[in-house]
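*Asks:*
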Amino acid sequence: MVFSYYPGCTLKTKAKDLDRYARISAEALGVTLEELPEWQCCGGVYPVAKDEIATKLSSVRALNSAGEMGNDLVTLCSACHNVIKQVNNDMRTDENIVLKVNNYLKLDKPYAGETNVLHYLEMLRDAVGFDKIKEKVTNPLTGVKIAPYYGCLLLRPGSVMQFDDPENPSIMEDFIRAIGAEPVSYSMRNECCGGYVTLENKSLAAKKSNNVLESAVSAGAQMVITACPLCLYNLNKNGSDYDIPVHYFTELLAQALGLK
Amino acid sequence: MENKQQLTEQILRMSGVNARKCMRCGKCTATCPSFDEMEYHPHQFVYMVEKGDIEPLMKSESLYTCLTCFACVERCPRNVEPAKLVEAVRLAVIREQGANHLKPQDLPELWDEDLPQQAIVSAFRKYSK
Numbered sequence: 085m086v087f088s089y090y091p092g093c094t095l096k097t098k099a100k101d102l103d104r105y106a107r108i109s110a111e112a113l114g115v116t117l118e119e120l121p122e123w124q125c126c127g128g129v130y131p132v133a134k135d136e137i138a139t140k141l142s143s144v145r146a147l148n149s150a151g152e153m154g155n156d157l158v159t160l161c162s163a164c165h166n167v168i169k170q171v172n173n174d175m176r177t178d179e180n181i182v183l184k185v186n187n188y189l190k191l192d193k194p195y196a197g198e199t200n201v202l203h204y205l206e207m208l209r210d211a212v213g214f215d216k217i218k219e220k221v222t223n224p225l226t227g228v229k230i231a232p233y234y235g236c237l238l239l240r241p242g243s244v245m246q247f248d249d250p251e252n253p254s255i256m257e258d259f260i261r262a263i264g265a266e267p268v269s270y271s272m273r274n275e276c277c278g279g280y281v282t283l284e285n286k287s288l289a290a291k292k293s294n295n296v297l298e299s300a301v302s303a304g305a306q307m308v309i310t311a312c313p314l315c316l317y318n319l320n321k322n323g324s325d326y327d328i329p330v331h332y333f334t335e336l337l338a339q340a341l342g343l344k
Numbered sequence: 004m005e006n007k008q009q010l011t012e013q014i015l016r017m018s019g020v021n022a023r024k025c026m027r028c029g030k031c032t033a034t035c036p037s038f039d040e041m042e043y044h045p046h047q048f049v050y051m052v053e054k055g056d057i058e059p060l061m062k063s064e065s066l067y068t069c070l071t072c073f074a075c076v077e078r079c080p081r082n083v084e085p086a087k088l089v090e091a092v093r094l095a096v097i098r099e100q101g102a103n104h105l106k107p108q109d110l111p112e113l114w115d116e117d118l119p120q121q122a123i124v125s126a127f128r129k130y131s132k
């Protein structure tokens, strides 16, 4: 199985572990991730306004590049996934954006949302299969109680992301079971950690992050997993009332597969 | 008066929102993770845009506490999508010359060594043009 792969800016710098463990795990699972030859930062947050064009171009370039190679595009960082998937939806549904983007880019063939975008977790679920992962696990995390933290960006808006049920998701829980651990159910798993507001308003980010961790800890979690570098930062740095480890899900996957 | 109407139309056009669909149930504010930090809550954004009261919103710090978490977008039973109005009003402010809310020279003071690049690019996209 071959996919184009979009790592994004943070996976090349502060979140190298998220990227590294994803690549070696994919290889062990028979998946080839081909990093796009040229990619640009997605911008971190989806440009919501209808008249934003320039801010969507980097996503379209990545989508088109994968499409030209005939590949689906796999993303990993929750923010990149949200931006690229929402821009792809614009390219499928908003004639004005399609027209202006294509006028600007002058591609060999106009792009209209043909490429499929998959998050790494969706790739594990739909292309590899959690049953197959279970078979390949050599070092199961037996008895470890893990809180899956979805945050906002993987799930919402549900009608566009189509990742899982936005209010009652199960993909991370299924992932946790596949690596031999036990998922913990808690109410704040799909509420915001505070996001980029941490830059200007630490107290707001601290309140949000501590709420998430309080919910996870009181449900008996021993660790939290995430797919987002900013969630990891907020929960670790701003969620300082609770001393619970927060890991990238790819790190635990690599560990369970005996690669770490 | 004419300006007020033009501004309202601009906000509605940029956001793609139909504020008149709102039935004032308040669910957006109830689910907003930032509501208690906001001078104007999400449901008030919808109400005030509908009434054409854009200027007080443009002056409010509430514009910079929206997390763009899409909770209000997801949970609005009428599909009004208040976050898109907050975004449009914020853009109406920061698209003015010299009105950037976050400037590169502010960064050294706000930065710490663990901060992911994602936080910086996101904040610049939200707060500056």
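Protein sequences, first through last, are from chains A and B. Mind the numbering: the first sequence is residues 85 to 344 in this note's numbering, read in order. Mind the numbering: the second sequence is residues 4 to 132 in this note's numbering, read in order. Cβ coordinates follow ideal geometry from the N, Cα and C atoms, glycine included. All figures in this text were calculated on a predicted structure; none of them were measured in a lab.
1. I want to see whether chain A comes within less than 8 angstroms of B/A22, judged by CB atoms only; does it?
2. With 16 other CB atoms within 10 Å as the buried threshold, where does A/K98 fall?
3. Who pairs with A/L202 in a beta bridge, going by DSSP?
4. Is it right to say A/S271 is buried, meaning 16 or more other beta carbons lie within 10 angstroms of its own, or is it exposed?
5. In the region 291-306 of chain A, which residues sit with their C-beta less than 9 angstroms from some C-beta in chain B, listed in chain order?
6. Using C-beta distances below 7 angstroms, list every residue in its chain close to A/R107, excluding the 5 sequence neighbours before and after it, in chain order.
7. Between the Cα of A/L237 and those of A/H165, A/E152, A/L141 and A/W123, spot the shortest distance and give me the residue it belongs to.
8. Should B/T68 be flagged as near chain A, meaning a C-beta pair shorter than 8 angstroms?
9. Which residues of chain A have a Cβ atom closer than 9 angstroms to the Cβ of B/S18, listed in chain order?
10. In three-state terms, what does DSSP make of A/M307?
11. Can you find a C-beta in chain A that's less than 8 angstroms from the C-beta of B/P36?
12. Name the one or two DSSP bridge partners that A/A266 has.
13. Compare the C-beta of B/F73 against all C-beta atoms of chain A and say whether one is closer than 8 angstroms.
14. Within 10 angstroms of its Cβ, does A/D248 collect 16 or more other Cβ (buried), or is it exposed?
15. Is any beta-carbon of chain A found at less than 8 angstroms from that of B/R128?
16. Tell me which residues of the region 37-63 of chain B have at least one Cβ-Cβ distance to chain A shorter than 7 angstroms, keeping chain order.
17. Roughly how far, in whole angstroms, is the beta-carbon of A/K229 from the beta-carbon of A/Q339, given that I think they are within contact range, below 8 angstroms?
18. What runs of the beta strand (DSSP E), each 3 residues or longer, lie entirely inside the region 273-322 of chain A?
19. For A/R273 and chain B, any beta-carbon pair shorter than 8 angstroms?
20. Candidates B/Q8, B/P45, B/V89 and B/Q121: which alpha carbon is nearest A/V132's?
21. Does the Cβ of A/V330 have 16 or more other Cβ atoms within 10 Å, making it buried, or fewer, making it exposed?
22. Could you spell out the range, first to last residue, of the alpha helix (DSSP H) harbouring B/H46?
23. Here's the rule: buried if 16 or more other CB atoms are within 10 angstroms of the residue's CB, otherwise exposed. What is A/D243?
24. With DSSP as the reference, label B/L88 as helix, strand or coil.
25. Could you list which residues in chain C have their beta carbon closer than 7 angstroms to that of B/L118, in chain order?
26. Anything in chain A within Cβ reach of B/K87, meaning under 9 angstroms, just list it in chain order.
27. Name the chain B residues that come within less than 7 angstroms of A/N148, Cβ to Cβ?
28. Taking only beta-carbon atoms, is A/T94 less than 8 angstroms away from chain B?
29. Out of B/D117, B/N82 and B/L60, which has the shortest C-alpha to C-alpha gap to B/M41?
30. Once DSSP output is grouped into helix, strand and coil, what is the label at A/E354?
31. Evaluate the contact criterion for the region 177-196 of chain A versus the region 134-145 of chain A: three or more CB pairs, one atom per stretch, below 8 angstroms.
32. Can you pull the chain B residues whose beta carbon is under 8 angstroms from the beta carbon of A/N322, in chain order?
33. Identify each residue in the region 239-252 of chain A for which the Cβ-Cβ distance to at least one residue of chain B is less than 7 angstroms, and report them in chain order.
34. Is it true that the CB of B/A91 sits closer than 8 angstroms to the CB of A/T282?
35. Which value, in whole angstroms, describes the spacing of the CA atoms of B/L110 and A/D215?
36. Give a yes or no on whether the minimum CB-CB distance between B/E99 and chain A is below 8 angstroms.
*Replies:* Working from what's here:
1. no
2. Around the C-beta of A/K98, 16 or more other C-beta atoms lie within 10 Å, and the residue is accordingly described as buried.
3. A/V158
4. A/S271 should be labelled exposed.
5. So the close ones are K291, K292 and N295.
6. L117
7. Taking only the C-alpha atoms, the option nearest A/L237 is A/H165.
8. yes
9. V132, A133 and K134
10. Of the three classes helix, strand and coil, the one that applies to A/M307 here is strand, per DSSP.
11. It does: the Cβ of B/P36 has a partner Cβ on chain A nearer than 8 angstroms.
12. What sits at residue 266 of chain A in the sequence shown is Glu, not Ala. Looking at the DSSP assignment, A/E266 forms a beta bridge with A/K229.
13. Interface residue, yes.
14. buried
15. yes
16. S37 and E40
17. The distance from the Cβ of A/K229 to that of A/Q339 is about 16 angstroms, inconsistent with a contact at the 8 angstroms cut-off.
18. Counting only runs of 3 or more residues that sit fully inside the region 273-322 of chain A, the beta strand (DSSP E) segments are 307-310, in chain order.
19. Chain B contact via Cβ: absent.
20. B/V89
21. buried
22. P45 to K54
23. For the sequence presented, residue 243 of chain A should be read as Ser rather than Asp. When all chains shown are included, A/S243 counts as exposed.
24. helix
25. This model lacks chain C altogether, as its protein chains are A and B.
26. V132, A133 and K134
27. The premise fails here: A/N148 is roughly 21 angstroms from chain B at the closest Cβ pair, so nothing lies under 7 angstroms.
28. yes
29. B/L60
30. With chain A covering 85 to 344 only, the question about residue 354 of chain A has no answer from this structure.
31. yes
32. Under the 8 angstroms cutoff, chain B gives no residues; its nearest Cβ is about 11 angstroms from A/N322.
33. R240, P241, G242 and P250
34. no
35. 46 angstroms
36. False, the Cβ-Cβ gap to chain A never drops below 8 angstroms.
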